[in-house]
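Numbering (the UniProt record's numbering), first residue to last: 1 to 238.
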């Protein structure tokens with residue numbers, strides 16, 4: 001098949017082979033079905049059309065074979081070069097397509113890697129934020145506990161101070177009451193002594209006035225004979 005396009009055969013026009021599927025000149029009315037065994041079956045009314053097509057294919061194949069045998073070497077080389085060029089072009093296209101596929105694959109992999117890195121960065125940032133929040137919460141709770149403990153200690157100290165102040169005030173009040181009671185007792189004793197002194201003085205004066213009259217002596221203030229030698233009564237001596 002390397003010399004098909006070098007020169008046209010007698011009575012035949014050869015075309016450049018195409019990669020696309022060859023279409024028949026006439027479309028045969030062929031109905032294809034599946035046999036129970038799985039093979040393809042043909043309707044009998046189209047069998048002649050199929051035979052004619054097969055005959056034309058056979059004749060064309062024989063003409064190609066004759067042309068290949070009778071073709072010169074230069075035509076074969078030229079045709080081989082064209083096929084090499086076609087093969088090279090096809091390989092280039094395949095390589096370009098593979099390159100595009102590889103590029104797209106690499107791009108997709110890079111995008112996936114970037115997305116993964118972005119997700120990991122976001123996750124790390126979220127973890128760092130959560131850790132900072134938890135640390136701040138723990139520190140806040142610790143500070144609140146310290147403040148509560150300090151306030152409790154201050155409250156206890158304040159209560160102790162208040163209790164001490166109240167105890168001192170109560171002690172001072174009791175001491176003041178005792179002092180007032182003592183002063184009142186001293187004052188009462190002094191008043192009693194003064195009252196006793198006044199009473200004794202009145203009794204002594206009364207006795208001094210009554211005694212001279214009972215003994216026939218001059219009254220007080222009249223100095224008679226022997227008045228200077230009078231001795232006082234025992235109560236007067238007291």
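Positions of the beta carbon are idealized from the N, C-alpha and C atoms, including for glycine.
Out of curiosity, what's the CA-to-CA distance linking residue i and residue j?
{"i": "residue 237", "j": "residue 208", "result": "Residue placement at residue 237 is poorly supported in this model, since its pLDDT is 46, which falls under 50; the coordinates are not used for a value here."}
{"i": "residue 135", "j": "residue 152", "result": "25 Å"}
{"i": "residue 113", "j": "residue 104", "result": "14 Å"}
{"i": "residue 129", "j": "residue 155", "result": "38 Å"}
{"i": "residue 117", "j": "residue 125", "result": "12 Å"}
{"i": "residue 57", "j": "residue 101", "result": "39 Å"}
{"i": "residue 150", "j": "residue 143", "result": "10 Å"}
{"i": "residue 181", "j": "residue 190", "result": "14 Å"}
{"i": "residue 53", "j": "residue 60", "result": "11 Å"}
{"i": "residue 33", "j": "residue 97", "result": "Summary for residue 33: the model assigns pLDDT 45, below 50, so the residue's position carries little reliability, and this model does not support an answer."}
{"i": "residue 193", "j": "residue 167", "result": "38 Å"}
{"i": "residue 161", "j": "residue 169", "result": "12 Å"}
{"i": "residue 137", "j": "residue 148", "result": "16 Å"}
{"i": "residue 186", "j": "residue 146", "result": "58 Å"}
{"i": "residue 115", "j": "residue 106", "result": "14 Å"}
{"i": "residue 205", "j": "residue 183", "result": "32 Å"}
{"i": "residue 159", "j": "residue 165", "result": "10 Å"}
{"i": "residue 82", "j": "residue 108", "result": "38 Å"}
{"i": "residue 86", "j": "residue 93", "result": "10 Å"}
{"i": "residue 64", "j": "residue 95", "result": "32 Å"}
{"i": "residue 196", "j": "residue 171", "result": "36 Å"}
What residues in its chain sit with their C-beta under 6 Å from that of residue i, if we drop five residues either side in the sequence?
{"i": "residue 39", "result": "The predicted model places residue 39 with a pLDDT of 46, which falls under 50 and marks its position as unreliable; any figure quoted below should be read in that light. Contacts found: none."}
{"i": "residue 139", "result": "none"}
{"i": "residue 173", "result": "none"}
{"i": "residue 27", "result": "Caution is warranted here: a pLDDT of 47 is assigned to residue 27, below 50, making its placement in the model unreliable, and no coordinate value can be reported."}
{"i": "residue 131", "result": "none"}
Near residue i, what residues of its chain come up, given a Cβ to Cβ distance below 8 Å and the 5 sequence neighbours on each side ignored?
{"i": "residue 77", "result": "Residue placement at residue 77 cannot be trusted, given a pLDDT of 47 that sits under 50; what the coordinates show is reported in the next sentence. Correct list: empty, nothing qualifies."}
{"i": "residue 179", "result": "none"}
{"i": "residue 120", "result": "none"}
Please go through the same chain and pick out, in chain order, the residues whose beta-carbon is closer than 7 Å to the beta-carbon of residue i, but skip the five residues on each side of it.
{"i": "residue 199", "result": "none"}
| 4 or more residues per run - each alpha helix (DSSP H) lying fully within the stretch 137–206 | none
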